[in-house]
Amino acid sequence: MSKRFIKIFFGLGIILLLVTAGMVALVDPFGVYHKPWFGWKTVNLNQAYQNPGYVKNYDYETALVGTSMTEGMRASEVDKLFDTTTIKICQSGAHSMDMAEMLKLVCKEGKAKQVIVGFDANIFRKEYDTYRSEMPLYLYNDNPLDDINYLFNKQVLFEEIPEMLQANKEGNLPKLDDYYIRGEGEYSRKIALSNYERGVIDEVSVSWDRADKNIDNIAPIIENNPDVTFYIYMPPYSMLFWDRYMCNGIVDNELAMQKQIAEAFLKYDNVQFYYFMNDYNVITNLENYRDAGHYSPQVCSEILQEIHNGNYRVTKDNYLSVFAEMENFVKTYDYDSMFN
16 MSKRFIKIFF GLGIILLLVT AGMVALVDPF GVYHKPWFGW KTVNLNQAYQ
66 NPGYVKNYDY ETALVGTSMT EGMRASEVDK LFDTTTIKIC QSGAHSMDMA
116 EMLKLVCKEG KAKQVIVGFD ANIFRKEYDT YRSEMPLYLY NDNPLDDINY
166 LFNKQVLFEE IPEMLQANKE GNLPKLDDYY IRGEGEYSRK IALSNYERGV
216 IDEVSVSWDR ADKNIDNIAP IIENNPDVTF YIYMPPYSML FWDRYMCNGI
266 VDNELAMQKQ IAEAFLKYDN VQFYYFMNDY NVITNLENYR DAGHYSPQVC
316 SEILQEIHNG NYRVTKDNYL SVFAEMENFV KTYDYDSMFN
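Under the numbering used here, read the sequence shown as residues 16 to 355, first letter to last.
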């Protein structure tokens, strides 16, 4: 094999690699390097992969962070209520480690003055040392060398790029503000009940012993960023959620964990803690839900308005009475009335 052939072979190989990397960087389906170019619109492909691009490439003063319980909120509504500019980054079914990666990245970028973050009670019962699914940590760090995992990714090249281009060709893509927003018709008492099996409880729902370590994944981020205000809220699960615990005689355990979460975050001066579990008008009306926990976009709007108005806020002075009242409510509620 001649030296000339070897040079040509390696030269062509380098050109092919550069073309591949250039194509991925140009189209950039996950928005890692830039906002969409050429009039293209963002296509919802993968939250864990796309969130870093939103954090790094968009201008904002407020970050809206959460799980599927936050997906129904609109950044534009936060803008109007708080007179700010907002990005929304969500990870459906997130574990505390997923939440921690999102929060660390937001704080590291240094743009956000405030973070509105939804902490579902479920987060603190999940595994504390795993991510929900594959987490592309190379997109969350500042090391450009490991971007080869993105630039030379077969799935990105042969699946994500064609999907993005095809979706833009077909048109009718929603605005970024409308992503993850389900229609109000997907929520009703009938739908919520159809997605609930009374008395059945899974392993995660009773794993209260994980709360300490899940809190430890998140609390240092808040402590290390005293100049950022964290509006933490616990979403309003429906009474179907509490029915499951009542049927199994373990309401006290769940209430104790929720109180523990409040205590953990109320220690910080840069935290405002909001507890919507006791929004009785919402949680007793199953028309607001599509299952035991997920509520409509209208409820999402109400949560943002209440946070802006300072309602449902829990403080060091009132949290004991808030949880005592909640305990009385869930233990005396007529659960059978939901099924009649």
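Ideal Cβ placement from N, Cα and C applies to all residues, glycine included.
Contact annotation: M84 and P250 have beta-carbon atoms nearer than 8 Å. The criterion of a C-beta distance shorter than 8 Å is satisfied by V219 and R140.
According to the DSSP assignment, I102 belongs to the beta strand (DSSP E) that extends over 101–105.
The DSSP assignment places no complete run of the beta strand (DSSP E) inside the region 151–198 (cut-off: 3 residues).
Between the beta-carbon of R213 and that of D258 there is about 7 Å, and that keeps the pair under the 8 Å contact cut.
Spanning the alpha carbons of M117 and I104 requires a straight line of approximately 8 Å. Counting the other Cβ atoms within 10 Å of the Cβ of E238 gives fewer than 16, which makes it exposed. In terms of Cβ geometry, V39 and L172 form a close pair [threshold 8 Å].
Beta-bridge analysis with DSSP links V130 to A78, F245. When secondary structure is reduced to three states using DSSP, F288 falls in the strand class. Between T145 and Q106, the CB-CB gap reaches or exceeds 8 Å. Sorting V215, L335, C122, W52 by C-alpha distance to the C-alpha of D242 places C122 at the top. Within the same chain, D161, D162, N164, Y165 come within 8 Å of Y153 by CB-CB distance, once the 5 residues on both sides are set aside.
DSSP places M114 inside the alpha helix (DSSP H), whose first and last residues are 111–124. Burial check for F354: the Cβ neighbour count within 10 Å stays below 16, so the residue is exposed.
Residues of the same chain with a CB within less than 7 Å of the CB of Y75, apart from the 5 flanking positions on each side, are T100, T101, I102, K126, A127 in chain order.
The three-state reading of DSSP puts V329 in strand, counting E and B together. Excluding residues up to 5 positions away in sequence, I237, F245, I247, F280 lie with their Cβ nearer than 7 Å to the Cβ of V286 in the same chain. Looking only at W223, T347, M292, A90, the smallest Cα-Cα distance to Y194 is reached by A90. For Y69, the CB contacts under 6 Å within the same chain, skipping 5 residues up- and downstream, are I102, I104 in chain order.
Using a Cβ distance threshold of 8 Å, N232 and A115 count as a contacting pair. Boundaries cannot be given for P251, as no alpha helix (DSSP H) includes it and DSSP labels it neither H nor E. Here the alpha carbon of D192 sits roughly 25 Å from the alpha carbon of S111.
Pairing E302 with R147 gives a Cβ-Cβ distance that is not under 8 Å. Y304 is bridged by DSSP to Y310. With distances taken between CA atoms, N324 lies nearest to V93 out of Y73, V93, G37, K50. Where Y69 is concerned, the enclosing alpha helix (DSSP H) starts and stops at 62–72. The alpha-carbon of G264 is positioned some 31 Å away from that of D113.
Around S316, the same chain offers E92 as residues with beta carbons nearer than 7 Å, after the five sequence neighbours per side are excluded.
Straight through space, the alpha carbons of L319 and Q65 are spaced by roughly 24 Å. The Cβ atoms of K50 and N72 lie closer than 8 Å to each other. Non-local beta-carbon contacts of W55 in its own chain, meaning distances under 6 Å to residues more than five positions away in sequence, involve N183 in chain order.
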